[in-house]
Amino acid sequence: MTRLAILEYPDPRLRTRAQPVAHVDDELRKFVDDLFETMYAAKGIGLAATQVNVHKRVLVTDVSENHDQPLVFVNPEIIAKDCVGTMQEGCLSVPGYYEDVNRAQKIRVRALGRDGQPFEMDAEGLLAVCIQHEIDHLDGKLFVDYISELKRTRIRRKLEKEQRARADAPARPRQPAL
Amino acid sequence: MSVGEGADARAAAAVAVAAVLGEGRTLEAALAALPPGRLAPEQRAQAQALAYGTVRWLPRLQRVGAKLVQRRWEDHSPRLQALLLLGLYQLEYAQVPPHAAVSTTVEAAKLVGEGRAAGLVNACLRRFQREREALLAHADRSLAGRTAHPQWFVDAFVRDWPAQAAAMLDADNAHPPLVLRANARRISTAALAERLAAAGHATRPVPFAPRALVMEKPVDVRRLPEFVEGLCSVQDAAAQLAVPLLACEPGHRVLDACAAPGGKACHLLEETPELAELVALDVDPARAARIRENLDRLGLAATVTVGDALADDWWDGRPFDRILLDAPCSGTGVIRRHPDIKLLRRPADVGPLAERQRRLLAALWPKLAPGGRLVYATCSVLKAENADVVADFLRDTPGAAEVPESARLAAPLSPALPGRSGREAGAGPGFALLPGAADTDGFYYACLTRPT
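In structure tokens:
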């Protein structure tokens, strides 16, 4: 398994709309494994393909504390929503920031599983919020799109500053040798 | 998506602990002052548990912390002190994986503006992991360090209660049980226990407090329908003794002189509905409002009055058949519920508190009807605030006497009643319930009467 690099806001590639998956094959399953590896390493509870610069409609979640409820959603669609509520969200692409977002707290979702078989499931609470958050990624949306422009701008500036500081760091192993 | 890996809760806990250390705020106030909305409810609960645990063990942890830093401990900012103590608390006491304890505390340092000290926090906590035994052995050389109390508490407990002090010091660090009081007007203790059991909440009765039920597992009472509907209140078993000691009768006019938040006043009304009047007095308007809230929830009525028990301006001149003086005190009996008392109370506080208690007793005495009864109570375990105050009062006040059956009233409680050995040793009037004897808070009661 490979740990993939996670794009960070305001990277424009996070705004890409992901394409549906035509076939769930071994290559995709390997990618799903990499998504889990990357998500667990980053201490996330959900990760969408968009965040690792792969623009296919695939996302993974695991909202358990013990990493024992991994879920795979390929070509996910929300077919019912209920009970809007507020939950504090964070995002591996917006590291270190947590803001309140209103979303449905109960959803019904339809998707293909790791085996390519279609399924439907009901989710509520954190899992429901997480699935919606990840599907947003596949549509090029981020949770910061739901907060005030003032807050969003402040977060963007701080992250850009951090990203510049990292780029200017003395050791530059990641500089391409062109 | 990510959820705060706990760094937010750590940051909040550190801010609250720093407010106790640096500004002398109570932990309750410091936690309540955390910005609303910044924390999810479960993060807030986590912050509270971490802050309480850190403060509970702080005198021990601080001895370790002082060994870990180069400069003098006091020279570090309260926030940095709080972060180190919070990290040490998690490593030693909390059910947190060590790596998570360290990493979240280092992250929290950045969140609370101590980013420059993140390396120091990391280094200190890792060194504690390596040298834990030696560092704890250093902290535990004294009884004060071992039991996580300031030295003057240890000295005072040992002086006042030589045989019981060790058990008291240990009991102060135990997690206090949640104790309910059945509302006698609405439900029997047994029926309440059944209702709670049906909802999955196991309880046990308390031999000397017939309305009390100890919850086997803690629960948020605001989510208990029985609490919301007014079938029960939260009150430690020791505090439930005030009402039987008052022994009110129908038609009595009763004063609760320092009544907020109204727990004992409500208990009294539950037990004796046909009182002529209960005046629930408190000097603080905000706290008096809490009395009204509690009365409303329980469906009870009293004359809630804002006024100073030391003054007369609130009094209509009509005497009271019963007076409860639950006097402001050092709180040294309720350290297990309010561990910040260890940090906030100073040795110099005791003298002025005792002086105020004496003045309150003297000011209220003339308001007691002949043949009436005054119950003096504190949640202190220091004799200077208890038996000394009452003994001097009895000596200086002609006609004032300890209710002869005071001891008899206490007798039914005797099988489980702690502190009797102190009494038998001639410890003075009244009786004390000491922490560590019967899983109650520490309390002191004396029943006084004036002749007809």
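Chains as they are written, first to last, in the numbering used here: chain A, 1 to 178; chain B, 1001 to 1452. Ideal placement from N, C-alpha and C gives every residue a C-beta, glycine not left out.
To the nearest whole angstrom, what separates the beta carbons of A1438(B) and V1381(B), a pair I think is in contact under 8 Å?
The sequence position of residue 1438(B) within the second sequence is 438, counting from 1. The sequence position of residue 1381(B) within the second sequence is 381, counting from 1. A1438(B) to V1381(B), Cβ: 14 Å. No contact.
I'd like to know whether the C-beta atoms of L1343(B) and L1085(B) end up nearer to each other than 8 Å.
Here residue 1343(B) refers to the residue found at position 343 when the second sequence is read from its first residue. Here residue 1085(B) refers to the residue found at position 85 when the second sequence is read from its first residue. It is not a contact, given that the beta carbons lie outside the stated cut-off.
What alpha helix (DSSP H) runs, 4 residues minimum, are completely inside the segment 1249 to 1282 of chain B?
Whole alpha helix (DSSP H) segments, 4+ residues: 1263 to 1271.
Is the beta carbon of H1252(B) closer than 8 Å to that of V1185(B)?
For the purposes of this step, residue 1185(B) is taken as residue 185 along the second sequence, with counting starting at 1. For the purposes of this step, residue 1252(B) is taken as residue 252 along the second sequence, with counting starting at 1. The question names Val, yet the displayed sequence has Arg at residue 1185(B). It is not a contact, given that the beta carbons lie outside the stated cut-off.
Take the Cβ of V84(A) as the centre, count every other Cβ of all protein chains shown within 10 Å, and call the residue buried at 16 or more, exposed below.
Indexing the first sequence from 1 puts residue 84(A) at position 84. Classification for V84(A): exposed.
Taking 8 Å as the threshold, find out whether the segment 1008 to 1021 of chain B comes into contact with the segment 1103 to 1117 of chain B through three or more Cβ pairs.
Yes, the segment 1008 to 1021 of chain B touches the segment 1103 to 1117 of chain B.
Run the CB neighbour count on V1228(B), radius 10 Å, all protein chains shown included, and call it buried at 16 or more, exposed below.
For the purposes of this step, residue 1228(B) is identified with residue 228 of the second sequence, where counting begins at 1. Exposed.
Looking only at its own chain, which residues have a Cβ that is under 7 Å from the Cβ of K1264(B), when we skip the five neighbours before and after it?
Taking the first residue of the second sequence as 1, we reach residue 1264(B) at position 264. Excluding positions up to five away in sequence, the list reads A1239, A1242, V1243, D1256, L1324 and D1326.
List the endpoints of the continuous alpha helix (DSSP H) containing K158(A).
Translated into the one-based positions of the first sequence, residue 158(A) becomes position 158. K158(A) -> alpha helix (DSSP H) spans E149 to A167.
Would you say M1001(B) faces chain A, with C-beta separation under 8 Å as the test?
Residue 1001(B) sits at position 1 when you count from the first residue of the second sequence. True, the Cβ-Cβ gap to chain A drops below 8 Å.
Give the DSSP-derived three-state secondary structure of L47(A) in the structure shown.
Mapped onto the first sequence, residue 47(A) falls at position 47. It is a strand residue.
What whole-angstrom Cβ distance do P38(A) and R15(A) have, given they're in contact under 8 Å?
Working through the first sequence from its first residue, we reach residue 38(A) at position 38. Working through the first sequence from its first residue, we reach residue 15(A) at position 15. Just to set this straight, residue 38(A) is Thr in the shown sequence, not Pro. Actually they do not touch by this definition, with Cβ atoms about 20 Å apart.
Compare the C-alpha of I135(A) against each of F36(A), K56(A), V32(A) and T153(A) and name the closest.
Start at 1 with the first residue of the first sequence, and residue 135(A) comes out as number 135. Comparing Cα-Cα distances from I135(A) to each of F36(A), K56(A), V32(A) and T153(A), the minimum goes to K56(A).
What do you get for D1282(B), buried or exposed, if any count of 16 or more other CB atoms within 10 angstroms of its CB means buried?
On the second sequence, position 282 is the one that residue 1282(B) refers to. Classification of D1282(B): buried, given that the 10 Å Cβ count is 16 or more.
Going by other Cβ atoms of all chains shown within 10 Å of its Cβ, with 16 needed for buried, is L1310(B) buried or exposed?
Translated into the one-based positions of the second sequence, residue 1310(B) becomes position 310. Flag for L1310(B) reads exposed.
What is the DSSP secondary structure of F1208(B), counted as helix, strand or coil?
The residue you call residue 1208(B) lines up with position 208 of the second sequence. In the structure shown, F1208(B) sits in coil (DSSP, three-state: anything other than H, G, I, E or B).
Could you check which residue in G1372(B), E1385(B) and C1379(B) has the C-alpha nearest to that of R1359(B)?
Numbered from its first residue, the second sequence carries residue 1359(B) at position 359. Ranking the options by Cα distance to R1359(B), first place goes to E1385(B).
On a CA-only basis, which of W1315(B), V1279(B), E1270(B) and D1284(B) is nearest R1297(B)? Give me that one, please.
As a position in the second sequence, residue 1297(B) is number 297, starting the count at 1. Measuring from the Cα of R1297(B), the nearest candidate turns out to be E1270(B).
What residues from chain A crowd round D1008(B), counting only those whose CB sits closer than 8 Å?
Walking along the second sequence from the start, residue 1008(B) turns up at place 8. Result: Y98.
Hey, which unbroken runs of the alpha helix (DSSP H) at 4 residues or more fall wholly within the segment 108 to 152 of chain A?
125 to 138, all fully within the segment 108 to 152 of chain A.
Could you tell me whether the segment 1173 to 1190 of chain B touches the segment 1208 to 1215 of chain B, using the rule of 3 or more Cβ pairs below 8 Å?
Yes: the two stretches touch, three or more of their Cβ pairs being nearer than 8 Å.
Please classify S1002(B): is it buried, with 16 or more other beta-carbons within 10 angstroms of its beta-carbon, or exposed?
Working through the second sequence from its first residue, we reach residue 1002(B) at position 2. Buried is the call here.
For A1029(B), return the contacting residues in chain A, with the cut-off set at a CB-CB distance below 8 Å.
Taking the second sequence and counting its residues from 1, the one referred to as residue 1029(B) is at position 29. Near A1029(B) there are no residues of chain A at all, since even the closest Cβ is about 24 Å away, more than 8 Å.
If you draw a straight line from the C-alpha of Q51(A) to the C-alpha of P1035(B), how long is it?
The sequence position of residue 51(A) within the first sequence is 51, counting from 1. The sequence position of residue 1035(B) within the second sequence is 35, counting from 1. Approximately 31 Å, taken between the alpha carbons.
Determine the chain A residues that contact A1040(B) at a beta-carbon separation under 8 Å, and present them in chain order.
Along the second sequence, read from residue 1 onward, the residue named residue 1040(B) stands at position 40. Correct list: M87 and Q88.
Given P1429(B), which residues of its chain have a CB within under 7 Å of its CB, disregarding the five upstream and five downstream residues?
Indexing the second sequence from 1 puts residue 1429(B) at position 429. So the qualifying residues of the chain are A1387, V1390, A1391, L1394, E1402 and A1446.
Can you tell me whether L7(A) is helix, strand or coil according to DSSP?
Your numbering for residue 7(A) matches position 7 in the first sequence. L7(A): coil per DSSP, three-state reduction.
Going by DSSP in three states, Q1357(B) sits in which element: helix, strand or coil?
Locating residue 1357(B) in the second sequence gives position 357, counting from the first residue. Reduced to three states, the DSSP call for Q1357(B) is helix.
With burial defined as no fewer than 16 other Cβ atoms inside 10 Å of the residue's Cβ, what is the status of A80(A): buried or exposed?
As a position in the first sequence, residue 80(A) is number 80, starting the count at 1. The residue in question, A80(A), is exposed, as its Cβ has fewer than 16 Cβ neighbours within 10 Å.
Apart from the five residues just before and just after A986(B), which ones in its own chain have a Cβ nearer than 6 Å to its Cβ?
Given that chain B is displayed from residue 1001 to residue 1452, the structure contains no residue 986(B) and the question cannot be resolved.
Look at the Cβ atom of C130(A), then the Cβ atom of I45(A), and state whether they are nearer than 8 Å.
Counting from one through the first sequence, the residue named residue 130(A) turns up at place 130. Counting from one through the first sequence, the residue named residue 45(A) turns up at place 45. Taking 8 Å as the Cβ cut-off, C130(A) and I45(A) qualify as a contacting pair.
Should Q216(A) go down as buried or exposed, given a rule of 16 or more other Cβ atoms within 10 Å for buried?
Residue 216(A) lies beyond the range of chain A shown here (1 to 178); nothing can be said about it.
Put R1181(B) into one of helix, strand or coil per three-state DSSP.
Here residue 1181(B) refers to the residue found at position 181 when the second sequence is read from its first residue. If DSSP states are grouped into helix, strand and coil, R1181(B) belongs with the strands.
What did DSSP end up calling C1329(B) once you bin it into helix, strand or coil?
Taking the second sequence and counting its residues from 1, the one referred to as residue 1329(B) is at position 329. Three-state result, C1329(B): coil.
Could you check whether V1158(B) and A1148(B) sit closer than 8 Å to each other, using their CB atoms as the reference points?
Along the second sequence, read from residue 1 onward, the residue named residue 1148(B) stands at position 148. Along the second sequence, read from residue 1 onward, the residue named residue 1158(B) stands at position 158. Taking 8 Å as the Cβ cut-off, A1148(B) and V1158(B) do not qualify as a contacting pair.
Beta carbons nearer than 8 Å to chain D: which residues of the segment 124 to 155 of chain A have them?
The chain labelled as chain D is not found among the protein chains of the depicted structure, namely A and B.
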